[in-house]
Structure formats: C-alpha cells, structure tokens
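Heads up: the sequence shown is residues 57 to 183, going by the numbering used here. C-beta: ideal position from N, C-alpha, C; glycine also. Everything numeric in this text was worked out from a predicted model, so none of it was measured.
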Amino acid sequence: MQQYHESKQTKKKTGAKFARGRDKKLAHYGGHFAATKVSDKNIQVKARKRGGSKKIVSIYAGYANVVMADGKMRKAKIKTVLDSPNNPNFKRMNIITKGVVIETEVGKARVTNRPGQDGVVNAKIVS
Numbered sequence: 057m058q059q060y061h062e063s064k065q066t067k068k069k070t071g072a073k074f075a076r077g078r079d080k081k082l083a084h085y086g087g088h089f090a091a092t093k094v095s096d097k098n099i100q101v102k103a104r105k106r107g108g109s110k111k112i113v114s115i116y117a118g119y120a121n122v123v124m125a126d127g128k129m130r131k132a133k134i135k136t137v138l139d140s141p142n143n144p145n146f147k148r149m150n151i152i153t154k155g156v157v158i159e160t161e162v163g164k165a166r167v168t169n170r171p172g173q174d175g176v177v178n179a180k181i182v183s
C-alpha cells in the first residue's frame, strides 16, 4: 500500500474537521515499503521512480558494510535484528530499517542508511 504524504493534521483543537482545500495529488503519494529482510544473500530489484528513472531497492539483505572502530570498512554477514526503535514487530520479522541494531559476524552494528531506498546496508559498529 502506498503512503500519502500530505498534512497529518485533520482536526482542530475543538475537534472540528479541517475542510479539505483540494483533492489528493499523485505527486504526494510515496512508494511501497520495501521491508528489507535478513537472508542468506542480497536480493535487489529495480524500482521505477517518478519521472521514469530507476533505483535499486533491497528486498533481502545478507551482508552489511560495517565501519569498524578504527575507521576501516568491512563486509560482514548479517545474523539477525536485535533492536528496532521504529517498530517492535520489525525485530520479530527481521526487517531492516534505518536505526535498527543488527547482529553481524563482527559484532553489533547500527544501520545508518535506508536499505529499502539505497539497495545496500551500511552500518556502524556499536560498543
């Protein structure tokens, strides 16, 4: 289901509804939620963007680019999702979003990008 990105405020302080000034516009609709899940290998698809251009969307992620404490980048296998500040159900379903703490073979790491938008998982090691 696509998301509609328009004003979220629908009621006044008194409880009365705001009158809608115009109809919904196609330009205000967002895309589908990619729900990037943990898997054995990376699976990406090309998604159409507005204007006809394409972007790579990550559907399943098996590996993450982890920045170590010394500043070096390392490719590490993702084991599971440990904590999700966005939604507690994402932890159970192993869905990776920005800010999620993941367990990798090099330790715990926090995801710093949006894998459903970028096509890769970038993370920073947490101490």
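Thinking residue i and residue j are a contact (beta carbons under 8 Å), I'd like their distance in whole angstroms, please.
i, j, result
"valine 123", "lysine 180", "5 Å"
"alanine 90", "isoleucine 112", "Going by Cβ atoms, the distance from alanine 90 to isoleucine 112 rounds to 11 Å, so no, they are not a contact pair."
"lysine 102", "tyrosine 119", "No, lysine 102 and tyrosine 119 are not in contact; Cβ-Cβ is about 20 Å, not under 8 Å."
"histidine 61", "histidine 84", "5 Å"
Compare the Cα-Cα distances from residue i to each of the options and report the closest residue.
i, options, result
"aspartate 96", "Thr160, Gly107, Ala72", "Thr160"
"isoleucine 99", "Pro171, Ser109, Val182", "Pro171"
"glutamine 59", "Ala75, Lys81, Gly77, Lys102", "Lys81"
Using DSSP's beta-bridge definition, name the partner residues of residue i.
i, result
"threonine 136", "Glu159"
"isoleucine 115", "Its beta-bridge partners do not exist; DSSP assigns none."
"asparagine 178", "Asn121"
"arginine 166", "Val157, Lys180"
"lysine 110", "Arg104"
"arginine 148", "In the DSSP output, where bridge partners are listed per residue, arginine 148 has none listed."
Original post:
Would you say the segment 122 to 139 touches the segment 150 to 166, given that touching needs at least three Cβ pairs under 8 Å?
Top reply: yes
**OP:** Could I get the ranges of all uninterrupted beta strand (DSSP E) runs contained in the segment 73 to 104, with 3 residues as the minimum, in chain order?
**Re:** The segment 73 to 104 contains these whole beta strand (DSSP E) runs: 92 to 94, 99 to 104.
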